[in-house]
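Chains as they are written, first to last, in the working numbering: chain S, 1 to 364; chain Y, 1001 to 1364.
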């Protein structure tokens, strides 16, 4: 192991994510000297003293090795270069699973939402995730209860690639009940963490973790979120990174959709209803364009005005003289005659004994 | 009755709404001469011949009088001047009901949507309408089944003013099943039509009627609309008139909300979830501003960073030495001590025998 890799692993033990003092040192002196300074209780770094005394980086690395986790650092082929867009990238990534991170996450979407979700939200998250991976996009989420788990499961259900970014250490399955889910994710995807093995999940780590989910992906979709959902924090990070954000609407009577509606109203998120619309939003221009659905198209659609007016004047039952059509439409009899002929050609009007009516089943 | 009023009543019998030939004549020669030219089969106006032979304007006026309807024309105090924004305003309005139209419609909102609506949509339309009239806004709709009827009924349920704009003649209750509903609307509001008494509802008249709903109001709300709903036509008219358009979202699994979602996605409509948001959109700037709801506010919200980090490190059960808090937070012991003191003041942290824990019920 290089000194650089060891030092960055040590930083993930010694310093919380986004510690601005450490970020400044790292930028100026590099990881090896930054760790040296922290370990030698340099002036201004005394607050790390207690952690320095407790840290055992070699043990962390051994613990990681035992579960097949590796340390990924900037400069590695596997390093997801999108992370460099962050004001303070993670010191390193602890990673498990076979997915080549940089290439495997290039086409990826974050699907996030409330822990306390509804059946509607869980179904939507699963369908969205399945639709995304089916179209070649990896689904990234946080491994939490609710929408996160539904998104991971939806991706797995169609043998898709999905990635869980954890707030705890890579060796701590959190929540514990999701151990089997995370194991399934590891078969083809990856679990990632920026904190050292053994680290406990803490609120600030969840918030820092959220920025990784936003940064690793081409865009973020919020499926269900009440007004205080942590997933809105992920969406806010994505906005800050100029990544597109989508939100799935729901019943306005459901507080579980209130956060989605709020972000759509504020313009921070684009309303999406399916995977195609998500891909249109996050995909490369042109490559992933998607045509809006329209209603069913009828033969009568797009008729010239005169013919449309004649057609609507015709009865379905009974039949009507040409002069009567002229009264109803205020079209001259000659214009009515021409329109009727054209409608007959289209199979939309029928003449019987000189009287006209609509064809019975004019829809095609 | 003035010649002008009689002539405009006659036009509503002789010519369909938005007939461009008639509009041009009206602009150039006024209503009286336009009617004279149509009745004398002037060159280019032969197509009106059949209607001229059938028309009986005095009979139309007598039929209207019998049901208490009047003819409102431009220049009347009652004429809704917003109609003048239309490329082709109605020739006249046939009006029933006590509402003074111009002043009564100044603060009005169109609430429209699909005939085939869901229970969710009907409930939302009724609640939205009730919320609007409670706040002093009249609710305008088309008197149709589904969302229209729900909106009218919601307004009536709280004794609000509501207005139905009909595609049929003012003396034809259409749909017939809505006779009792329209009678209730007439107690405080109004029914309006731009076509002569006795006129049948026809598809083109519904489309023309939709432009009146959009034009009469300060803005239009679409509650539920499939991709071909006529209410989207009303919304399109409102966009053309530079009136704000709102749409209520729903489950993405419901085709009844697909038209709403499409218009929100396209930017033609603003997502709204309640009457306040509608009023914020259509109301006068400043006068009707509305504050976005936020989630519940907790005492721990907005704590300075150090205190927030200390608070989350504290256990709820058991208690923790100050030094341990320092390890978990990477804050210097002195900073931890200051933060703990402040948290104790706020009632968020408790110290017992020199060890700290979270207060049991820190929420306020």
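Ideal Cβ positions, reconstructed from N, Cα and C, are used throughout, including at glycine.
Does the beta carbon of residue i sit closer than 8 Å to a beta carbon anywhere in chain S?
| i | result |
| --- | --- |
| residue 1261 (chain Y) | yes |
| residue 1363 (chain Y) | Confidence in residue 1363 (chain Y) is poor, its pLDDT being 41 and thus under 50, which makes the residue's placement too unreliable to answer from. |
| residue 1002 (chain Y) | no |
| residue 1264 (chain Y) | yes |
| residue 1015 (chain Y) | yes |
| residue 1221 (chain Y) | no |
| residue 1327 (chain Y) | yes |
| residue 1150 (chain Y) | no |
| residue 1074 (chain Y) | no |
Rounded C-beta distance between residue i and residue j? I'm assuming under 8 Å.
| i | j | result |
| --- | --- | --- |
| residue 1222 (chain Y) | residue 1235 (chain Y) | 5 Å |
| residue 13 (chain S) | residue 196 (chain S) | 4 Å |
| residue 138 (chain S) | residue 152 (chain S) | The pair is not a contact, with the Cβ atoms about 11 Å apart (cut-off 8 Å). |
| residue 1256 (chain Y) | residue 1121 (chain Y) | 6 Å |
| residue 1007 (chain Y) | residue 1086 (chain Y) | Residue 1007 (chain Y) to residue 1086 (chain Y), Cβ: 19 Å. No contact. |
| residue 1113 (chain Y) | residue 1276 (chain Y) | Contact doesn't hold; Cβ gap of about 19 Å is too wide. |
| residue 328 (chain S) | residue 248 (chain S) | Between residue 248 (chain S) and residue 328 (chain S) the Cβ distance is about 46 Å, and since that is not below 8 Å, they are no contact. |
| residue 1336 (chain Y) | residue 1325 (chain Y) | 5 Å |
| residue 340 (chain S) | residue 356 (chain S) | 6 Å |
| residue 1245 (chain Y) | residue 1239 (chain Y) | 6 Å |
| residue 1130 (chain Y) | residue 1097 (chain Y) | Contact doesn't hold; Cβ gap of about 20 Å is too wide. |
| residue 110 (chain S) | residue 140 (chain S) | 5 Å |
| residue 1265 (chain Y) | residue 271 (chain S) | 5 Å |
| residue 64 (chain S) | residue 102 (chain S) | Not confirmed; about 20 Å, so no contact. |
Answer with yes or no whether the minimum CB distance from residue i to chain Y is below 8 Å.
| i | result |
| --- | --- |
| residue 357 (chain S) | no |
| residue 10 (chain S) | no |
| residue 173 (chain S) | no |
| residue 40 (chain S) | no |
| residue 312 (chain S) | yes |
| residue 106 (chain S) | no |
| residue 306 (chain S) | no |
| residue 309 (chain S) | yes |
| residue 217 (chain S) | no |
By the criterion of Cβ-Cβ separation under 8 Å, what are the contact partners of residue i in chain S?
| i | result |
| --- | --- |
| residue 1019 (chain Y) | 330 |
| residue 1316 (chain Y) | Going along chain S, no residue has its Cβ under 8 Å from residue 1316 (chain Y), so there is no contact; the nearest lies around 13 Å. |
At a CB-CB cut-off below 9 Å, which residues of chain Y make contact with residue i?
| i | result |
| --- | --- |
| residue 29 (chain S) | The premise fails here: residue 29 (chain S) is roughly 18 Å from chain Y at the closest Cβ pair, so nothing lies under 9 Å. |
Counting only C-beta atoms, is residue i closer than 8 Å to chain B at any point?
| i | result |
| --- | --- |
| residue 270 (chain S) | Included in the structure are the protein chains S and Y, with no chain B among them. |
List the residues of chain S that residue i touches, going by C-beta distances under 9 Å, in chain order.
| i | result |
| --- | --- |
| residue 1124 (chain Y) | 251, 252 and 253 |
Using the beta-carbon of each residue, which ones in chain S are nearer than 7 Å to residue i?
| i | result |
| --- | --- |
| residue 1273 (chain Y) | 252 and 261 |
Under 8 Å between beta-carbons, which chain Y residues line up against residue i? List them in chain order, please.
| i | result |
| --- | --- |
| residue 323 (chain S) | 1050 |
| residue 335 (chain S) | 1047 |
(request) Please list the segments of the alpha helix (DSSP H) lying wholly inside the region 161-192 of chain S, counting only runs of 4 or more residues, in order along the chain. (result) 179-188
(message) Could you tell me which whole alpha helix (DSSP H) segments of length 4 or greater appear in the region 219-293 of chain S?
(response) 230-240, 258-266 and 275-282
(message) Beta carbons nearer than 7 Å to chain Y: which residues of the region 201-215 of chain S have them?
(response) 202, 203 and 204
(message) Any C-beta of chain S within less than 7 Å: which residues of the region 1236-1258 of chain Y qualify?
(response) 1248, 1249, 1250, 1251 and 1252
(request) Jot down the residue ranges of each uninterrupted beta strand (DSSP E) in the region 1065-1130 of chain Y, minimum 3 residues, whole runs only, in chain order. (result) 1070-1072, 1093-1096 and 1108-1112
(message) Taking beta-carbon pairs under 7 Å, can you tell me which members of the region 1045-1065 of chain Y lie near chain S?
(response) 1046, 1047, 1048, 1050, 1051 and 1054
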